[in-house]
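Reminder that position 323 of the sequence shown reads as 557 in my numbering, one-by-one numbering, no gaps.
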Amino acid sequence: MAAMNDAMTSAPGKGRKLGRDLAGLAAILALAVLGYFLFPNNLALLTRITAIALLVLSLDLVTGYCGVATLGHAALFGSGAYAAGIAAVHFGITDPLLMLACGILGGSLAGLVCGVVILRAHGLPQLVLSIALIHLFHEFANKASSWTGGSDGLAGIAPDPLLGHFEFDLWGRTAYVFGIVLLAVVFTILRLIVRSPFGMLCRGIKEDPIRIRAMGASPKLALMKMYVISGAVAGTGGALNAISTQVVGLDSLSFTLSAESLVMLVLGGTGSLFGALTGTIVFMFFEDLVSAANPFHWLTMVGALLIAVVLFAPKGLYGTVAGLVSRWWGTFR
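Quick look at the structure:
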C-alpha cells in the first residue's frame with residue numbers, strides 16, 4: 235500500500251516533467267523549422283549555434299549541476315573537433331557518423347584528462363587549473379602542426395554523404411538538419427540523466443559534498459563520470475562543427491570560446507538545460523546582429539546586455555521568465 239501511495243503521489247509530478255520535456259523538445263524542433271525557412275541563406279550560422287549549444291549544455295552539466303568552476307571547457311569541444319578532423323584527413327574516415335563517433339571519443343578522453351586535473355582542487359584553484367589546461371591544449375594543437383595544421387588550421391575535411399544519400403552542400407542544409415537531430419537526441423538523453431538518481435547525486439554534491447560523502451557515496455567518482463559525459467556532449471558539438479565547416483582551427487581550443495560559453499550559460503541560467511539553450515541562442519543572435527549593425531562598437535552593446543541581465547535577471551533569462559510564469563500561474567490557478 236505504501237508503494238502504491240508513493241506511485242500515485244509521484245505520478246502527477248512525473249506527468250508534468252514528461253510534459254515539460256515534450257514541450258521543450260517540440261520548441262526546439264519548431265524553432266529549427268522556423269529558422270530553416272526564415273534564414274535559408276544563413277544556415278551556416280544556425281548550424282554553428284547548434285554546435286555551440288552542445289558545448290554550453292556540456293558546460294552546464296559540470297558547472298550548473300555539479301558546481302565545478304571551469305574556464306577551459308573549450309578543450310573538450312576542440313578535442314572532439316580535432317578528433318573528427320584528424321580521422322577524416324589522416325585516416326580516411328569520412329563517414330559522418332564515424333567522424334561523429336571519433337569526436338565523441340576525443341571529447342570523452344579530454345573530459346577524463348581535464349576531470350583528473352581540475353577535480354583535484356576546489357573553488358578558485360579550479361579556475362586557474364582550467365585556464366592552464368585550455369592554454370596547454372591550444373599550444374599542443376599548435377605545435378603538432380603535422381597532425382592539426384597548426385595556426386593554418388586542419389583543412390581537407392570532406393565528409394561523405396550522410397547515410398549515403400544526403401550530401402553536405404554549400405547551402406548547409408544537410409549539416410543543419412544533422413545538427414538539429416543531434417541536438418534533439420542529446421537534449422533528450424541529458425534530461426534523463428539530470429533527473430536520474432545519478433543526476434540527483436551530482437546536485438547533492440554541489441549543495442553539500444560532505445554530507446554526500448558521509449552517506450557513503452564518492453563525490454569525486456560521480457563528478458568524474460559527469461565530466462566524461464560532459465566531454466562526450468562537447469565532443470559531439472566539436473565533431474558537428476568540423477563536419478559542417480570542413481575545417482578545424484585553433485579557435486576551437488581558445489580561451490575566448492571557453493569564456494563565451496560560460497557567459498552564454500550565465501545569460502540563460504545555470505542549472506537548467508533550457509537555460510543553456512536560451513542563453514546560446516540569445517547571445518549568438520544578438521552578437522551577429524549588433525556586429526553587423528556596428529562593426530566597431532558591438533562589444534559595448536554585448537557588454538551592456540550582459541550587465542543588464544546580471545543586475546535585473548540574476549537567475550538568467552530563462553530562469554527569470556520561468557519564475558515569473560510559475561508565480562503568475564500559481565496566482566491565477
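All residues carry an ideal CB built from backbone N, CA and C; glycine is no exception.
- Message: For Thr408 and Phe400, what's the separation of their Cα atoms in angstroms?
- Response: Whole-angstrom Cα-Cα distance: 6 Å.
- Task: In angstroms with no decimal places, state the Cα-to-Cα distance between Tyr299 and Met518.
- Result: 23 Å
- Nearest-angstrom beta carbon gap, Gly509 and Gly471 [assumed within contact, 8 Å]: Between Gly509 and Gly471 the Cβ distance is about 17 Å, and since that is not below 8 Å, they are no contact.
- Query: Any idea which residues DSSP pairs Val482 with across the strands?
  - Reply: Leu388
- Does DSSP classify Leu353 as helix, strand or coil? coil
- Item | Three-state secondary structure assigned by DSSP to Leu397 | coil
- Item | Three-way DSSP call (helix, strand, coil) for Ala547 in this model | In the three-state reduction of the DSSP assignment, Ala547 falls in the coil class.
- Message: Within a Cβ cutoff of 6 Å, which residues of the same chain sit near Ser364, ignoring the five residues on either side of it in sequence?
- Response: Excluding sequence neighbours, Ser364 sits near Thr304, Leu305, Gly306 and Ile352.
- Message: Tell me which residues share the same chain as Ser478 and place their Cβ nearer than 6 Å to its Cβ, disregarding the 5 neighbours each side in the sequence.
- Response: Hits under 6 Å: Thr281 and Ala409.
- Top-ranked residue by Cα proximity to Ala466, from Asp522, Ser380 and Gly312: Gly312
- Query: Does the beta-carbon distance from Ser495 to Leu334 come in below 8 Å?
  - Reply: no
- Name the residue from Ala468, Ile444, Ile439 and Met449 whose alpha carbon lies nearest to the alpha carbon of Ala456. When each option's Cα is compared against that of Ala456, the closest is Ile439.
- Message: If you follow the alpha helix (DSSP H) that Leu310 is in, where does it begin and where does it stop?
- Response: Ala308 to Phe325 is the extent of the alpha helix (DSSP H) around Leu310.
- Would Leu404 be called buried (16 or more neighbouring beta carbons within 10 Å of its own) or exposed? exposed
- Task: Return the chain-ordered list of same chain residues with a C-beta closer than 8 Å to the C-beta of Ala493, the five sequence neighbours on each side being excluded.
- Result: Leu305
- Message: Checking 8 Å against the spacing of the C-beta atoms, do Gly406 and Leu277 come in under that value?
- Response: yes
- Task: Name the two residues that bound the continuous alpha helix (DSSP H) containing Asn376.
- Result: Leu358 to Lys377
- If you draw a straight line from the alpha carbon of Phe520 to that of Gly537, how long is it in whole angstroms? 11 Å
- Task: Locate the alpha helix (DSSP H) running through Cys436, then write down its first and last residues.
- Result: Pro431 to Glu441
- Task: Count the other CB atoms, across all protein chains shown, that sit within 10 Å of the CB of Arg447; report buried if there are 16 or more and exposed otherwise.
- Result: exposed
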